[in-house]
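Engineer: Residue numbers (UniProt numbering), protein chains in the order written: chain D, 1 to 359; chain Z, 1 to 280; chain Y, 1 to 293.
Where is the CB? At the ideal position from N, CA and C, for every residue including glycine.
Shown below is the structure under consideration.
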Amino acid sequence: MATITLDTVRKVYGGAVEAVKGVSIDIADGEFIVLVGPSGCGKSTLLRMVAGLEDITTGEIKIGDKVVNNVDPANRDIAMVFQNYALYPHMTVYNNLAYGLKNRGMAKDEIDRRVKEAARILEIGDYLDRKPRALSGGQRQRVAMGRAIVREPAAFLFDEPLSNLDAKLRVQMRVEIKRLQKSLKTTSVYVTHDQLEAMTLADRLVVLNGGNIEQIGAPIEVYDKPASTFVASFIGSPAMNLLKVKTDASGLAFETGAGLSGANPHGRDRYIAGVRPEHLDVVPAGSPEAALTLKAKVNVLEPVGAESYLYAECGDGGPEIVIRVESHAHFEPGQEIVLSAKAKDVHFFDADTGRRIDG
Amino acid sequence: MNRLKVGDHLILIAGVLFMVTPVVLAFLTSTHDNIEIFRTGLQFDFGNEFVSTYERVLTKAGGFTKEVNGFVMLKNSLILGIGFAVGKIVISMLAAYAIVYFRFPLATLCFWVIFCTLLLPLEVRILPSYEIVQKLGLVNTYTGLIVPLIASATGTFYFRQFFKSVPDELLEAARIDGAGPWKFFIDILVPLSKTMIAAIFIIMFVYGWNQYLWPTLITTDEGFFTLVRGIKQILQVWIGAQIPAYNDAMALAILAMLPPVIVVIVFQSWFIKGLVESDK
Amino acid sequence: MKKVQFDSRLTPYILLLPQLAIVAIFFLWPAAEAVRSSFYLEDPFGFGSTFVGLDNFKDVFADSNYGRVVRFTGVFTFCVTFFSLAIALVLAVKADKVIHGSSAYKTLLMWVYAVAPPVAGLIGIFLFDQHVGPIVKMFKALGWDMRIGVNYNDTGFAMVVVAVWKQIPVNFIFLLSGLQGISKSVQEAAAIDCPSGFRRFWTVTFPLLAPTGFFLLIINITYALFDTFGVIDVLLKTQPGDDPITLVYKVYQDGFRGNDLGGSSAQSVILMVVVFVLTVIQFRLIERRVHYN
């Protein structure tokens, strides 16, 4: 068990490409941190630097109180679960788990005890004599987890461990990883591009974009108060509707055409206004003005079972927006609707920088 | 549709006959009596001289010096085939491991020095190669026979391709598991390469066994003759004879092809995999 | 290379040492020696040598016999490459198609790979033998009086036949695996789009096979130039100079039998240039093949 501290960590490839641009994160003991972002955002590089698989260009990484910049991966007291599992194909499951312990000169009985214990926790006891190729995807995933657990490391590092599994298994394993981490209380850093995985697993999320941190915070906090348009569109599904708006004498308006009204909240000329699909209500025409009121024309209704998504075009040739409606709602293509959102559910971002405007 | 299929089979059968008939004829003829062959031509049935011919070829000393028999040549062929294959695999695995898995200042230079050997086959530098082996006093030794053939980097190229295809994460996992360079090589990489090693062994064994020009130059002492090398010698004696020993010569040809053919047929799938996937 | 590598100072050199030593002694040294002696005139009895500049090369190109050898090498290489590839292609296409007995066909068509060229040559001698050879008898019935080892063209013909026979398996193996590498869905799409099987082959299968084909072309040229040494050496019987031989055989003949070290070395250097060009092309193709996958 240990804290992990990243202090202005940078990674530059070949003297030119800056993959990670000065990232600082303090990870508490036992915390589950998820690094999330699109591909190429630097999340995997960051994780691999913590593991010691990539050199750190500048900055400092501490595991516990020890600076590990120049420590071999094997001596960092971490364990890693890889996307393709990286199981040793020629070794049995037992030996896959035991290999790292043997290399540390651990006594046979202790190795045996730990392997059996990990196998029990992960329910892979029946497969210990099999080779990885005789296992299903889910079972391999468990073995990869087991290889991390037996080490009883200071930290678990996960590099997109679920992305090779099918959707159903992914949900199941996600729950299991969460449960396991809670019971073992081992500090964990988890990399994913899947925002749902990130939301459900994390104690705290780190949203990365282009080598920079966009936002750090608890999942619900990031959802409620996205720090930028990037975070707003990345976290939450379907993504938040982002509308370019200007202000005139009567308040807010679309930059092109009619169909939007609302009060100017921060006294600026231009904004990007954001509303999540679940925060837009379809109201009868002529309802009292809300913080944001939109007039739109229905394009498509997409039922997904528990709810439906309505795709509609704002005003005349305005942007397309998504609205969550109840599952059995009925709308006709071309139907005119009026939408409203409450003040607390409307986010305003700087029109140029995309940063959140608060206050 | 049916007619088409029959046509396909006919073409394939014709191909098979073209490939197989010469060798079958050689074998059948080798089981007949010398004079009978001389009088009636190549034989199309199994004769009754099989045991006596092969016994004679294997045990009776022939050649100019009357020192070498089939068994000795068989032994030399095995030494060349196996020695070449094993030597090549060991040396090229180590070299490929260094090239793929290590970061060191002279890496690029070493890589090019080794791979430029692929540019020039032994045949075009045969004369100076012979002179150097002669200077080193290695003529008529197994070392002189085998080691210069290993100089070409084909094996290193095979293993380099294979190592590059091994997922990086395996090395990373092993490093986190505390394995250093030697441990990773022995515990992970060598066991992983088992099929590849087998495939390359077969290809190299056949290649070594079938060497002709180099053994012709390097082994002048008949005690070092391989079966393939011995063919020319047999031929020279044979041409001088009044009634050529057709049966003996054919028996020798059959013996010379038997071991590599068996290896290739038995380990066919490995062999094809090795040949095709490593791209020469 | 790899994203992650070891940073060990001495280990890589230890690993490379055996290979580098062998390359230095048995490759670099002789290759350099070949280039050096191509510029010298060696005394046949071993009493020193004189620098003669490009004279050896001039002599080689001035020799009418060399032109004859070049011509034969060209014809031989073309025939061997063309016929062995063509026959192997037909067999591979058919073997890829049939369902019953495909593995038996495969084994029977590929095993000749393991036969050494001189052994193939030896069997060739019997088949083309003046007294007992069935092929000679067959052609005699057709009015062609074959005299292998005596008649220049007849000997050349026999060499081509044996060399083709020996090379079909390699081409067959590569072409078949190339055919099997073409995805089923592409073939199914083609089957829907193009009713004529023959046309389908030329417009879809053949182009997809092209990378393998180019690669094999180089392999076959290299084979015909160098690896057929054993076939030629065994099939030759009479006087040097009157026989159909390839460039590599001439290097050997002049160097070891004729004791013309300078001339032989100059020929080696010329061949080195040829091989160098072929190998560079081959590497390009391998890189391409790797990208295709």
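1) In this structure, does DSSP put D/Cys-314 in helix, strand or coil?
2) Which value, in whole angstroms, describes the spacing of the CA atoms of D/Met-49 and D/Asp-29?
3) Specify, as a first and last residue, the run of the alpha helix (DSSP H) that D/Glu-289 falls within.
4) Does Y/Val-69 pass the burial test, meaning 16 or more other C-beta atoms within 10 Å, or should it be called exposed?
5) When the Cα atoms are used, what is the spatial distance from D/Asp-7 to D/Ile-25?
6) Excluding the five sequence neighbours on either side, which residues of its own chain have a C-beta within less than 6 Å of the C-beta of Z/Lys-280, listed in chain order?
7) Can you pull the DSSP bridge partners for D/His-347?
8) Quick one: any contact between the stretch 25-43 of chain Y and the stretch 129-142 of chain Z, if contact means 3 or more CB pairs under 8 Å?
9) Can you tell which of Y/Val-23, Y/Ser-49, Y/Ser-8 and Y/Thr-203 has the C-alpha that lies nearest to the C-alpha of Y/Leu-261?
10) Mapping the DSSP letters down to three states, classify D/Lys-244 as helix, strand or coil.
11) Tell me whether Y/Arg-9, by its Cβ, gets closer than 8 Å to a heavy atom of the ligand PLP.
12) For D/Ser-340, write down the residues that DSSP places opposite it in a beta bridge.
13) So, is Y/Val-290 buried or exposed, given that buried needs 16 or more other C-beta atoms within 10 angstroms?
14) For a cutoff of 9 Å on Cβ pairs, would you count Z/Asp-248 as touching chain C?
15) According to DSSP, simplified to helix, strand and coil, what is D/Asp-307?
16) Check for me: the beta strand (DSSP E) holding D/Gln-215 runs from which residue to which?
17) Going by C-alpha distance, which of D/Glu-332, D/Leu-243, D/Thr-192 and D/Glu-278 is nearest D/Gly-354?
18) Using CA atoms only, rank isn't needed, just tell me which of Z/Glu-123, Z/Phe-184, Z/Phe-163 and Z/Ala-199 is closest to Y/Gln-267.
19) Kindly indicate which three-state DSSP category D/Ala-190 falls into: helix, strand or coil?
20) How big is the Cα-Cα spacing for D/Ser-188 and Z/Leu-189?
21) Strictly under 9 Å for the Cβ-Cβ distance: is D/His-279 near chain Z by that measure?
22) From D/Ala-227 to D/Asn-299, what does the alpha carbon distance come to, in whole angstroms?
23) Checking the sheet assignment: what are the DSSP bridge partners for D/Met-80?
24) Pull up the distance between the alpha-carbon of D/Met-1 and that of D/Ala-351, whole angstroms please.
25) Is Z/Phe-102 helix, strand or coil when you go by DSSP?
26) Which value, in whole angstroms, describes the spacing of the CA atoms of D/Ile-124 and D/Glu-197?
27) What in chain Z is Cβ-close to Y/Gln-19, meaning under 8 Å?
28) With DSSP collapsed to three states, give me the class of Y/Ser-102.
29) Find the nearest neighbour of D/Val-338 within the set D/Asn-212, D/Ile-4, D/Leu-252 and D/Gly-259, judged by alpha-carbon distance.
30) Flag this pair as yes or no: are the beta carbons of D/Val-207 and D/Glu-160 separated by less than 9 Å?
31) Could you round the C-beta distance between Z/Gln-211 and Z/Leu-138 to whole angstroms and report it? I think they count as a contact, below 8 Å.
32) Assign D/Leu-11 to one of three DSSP states: helix, strand, or coil.
33) For Z/Leu-136 versus Y/Ile-22, is the C-beta spacing smaller than 9 Å?
34) Kindly give me the distance between the Cβ atoms of Z/Ile-234 and Z/Leu-252, rounded to whole angstroms, as I take these residues to be in contact under 8 Å.
35) Let me make sure I understand the geometry here. Which of Z/Ala-173, Z/Ile-200, Z/Phe-224 and Z/Arg-125 has the alpha-carbon closest to that of D/Met-80?
36) Compile a chain-ordered list of the residues in the stretch 174-189 of chain Y whose CB is closer than 8 Å to at least one CB of chain Z.
Structural biologist: In this structure, then:
1) Strand at D/Cys-314.
2) Distance between the alpha carbons of D/Met-49 and D/Asp-29 is about 19 Å.
3) Per DSSP, D/Glu-289 belongs to no alpha helix (DSSP H) and is neither H nor E.
4) Buried, because 16 or more other Cβ atoms sit within 10 Å of the Cβ of Y/Val-69.
5) The alpha-carbon separation between D/Asp-7 and D/Ile-25 amounts to approximately 7 Å.
6) Because the pLDDT at Z/Lys-280 is just 41, under 50, the model does not fix this residue reliably, and the point stays unresolved.
7) Per DSSP, D/Gly-274.
8) A contact exists between the stretch 25-43 of chain Y and the stretch 129-142 of chain Z.
9) Scanning Y/Val-23, Y/Ser-49, Y/Ser-8 and Y/Thr-203 for the CA closest to the CA of Y/Leu-261 turns up Y/Ser-49.
10) Strand, per DSSP.
11) Looking for the ligand PLP in the displayed structure turns up nothing, as the structure carries no ligands at all.
12) According to DSSP, D/Ser-340 bridges with D/Asp-281 and D/Thr-293.
13) Because Y/Val-290 sits at a pLDDT of 45, beneath the cut-off of 50, its placement in the model cannot be relied upon, and the point is left open.
14) Of the protein chains in the structure, D, Z and Y, none is chain C.
15) Before going further, note that residue 307 of chain D is Glu rather than Asp in the sequence given. Reduced to three states, the DSSP call for D/Glu-307 is strand.
16) That run of the beta strand (DSSP E) goes 212-217.
17) Out of D/Glu-332, D/Leu-243, D/Thr-192 and D/Glu-278, the CA that lies nearest to the CA of D/Gly-354 is found in D/Leu-243.
18) Closest option to Y/Gln-267, Cα to Cα, is Z/Glu-123.
19) It is Tyr, not Ala, that sits at residue 190 of chain D in the sequence shown. Strand, per DSSP.
20) Their backbone Cα atoms lie some 30 Å apart in a straight line.
21) For D/His-279, no Cβ of chain Z is located within less than 9 Å of the residue's own Cβ.
22) The alpha-carbon atoms of D/Ala-227 and D/Asn-299 are separated by roughly 31 Å.
23) Answer by DSSP bridge pairing, in chain order: D/Leu-157.
24) Distance between the alpha carbons of D/Met-1 and D/Ala-351 is about 44 Å.
25) It is a strand residue.
26) So the alpha carbons of these two residues sit roughly 24 Å apart.
27) What Y/Gln-19 touches in chain Z: Ile-91, Ser-92, Leu-94, Ala-95, Ile-114, Ala-153 and Thr-156.
28) It is helical.
29) Between D/Val-338 and the set D/Asn-212, D/Ile-4, D/Leu-252 and D/Gly-259, the nearest pair of CA atoms involves D/Gly-259.
30) Inclusion of D/Val-207 and D/Glu-160 in the CB contact set at 9 Å is not warranted, their separation being larger than that value.
31) Separation of the CB atoms of Z/Gln-211 and Z/Leu-138 is rounded to 15 Å, and the pair is thereby denied contact status at 8 Å.
32) For the record, residue 11 of chain D in the displayed sequence is Lys; it is not Leu. Annotated three-state conformation of D/Lys-11 is strand, per DSSP.
33) Against a cut-off of 9 Å, the Cβ pair of Y/Ile-22 and Z/Leu-136 comes out as no contact.
34) The Cβ separation is near 6 Å, so the contact holds.
35) Among Z/Ala-173, Z/Ile-200, Z/Phe-224 and Z/Arg-125, the Cα nearest to that of D/Met-80 is on Z/Ala-173.
36) So the list reads Phe-174 and Ser-177, given in the order they occur along the chain.
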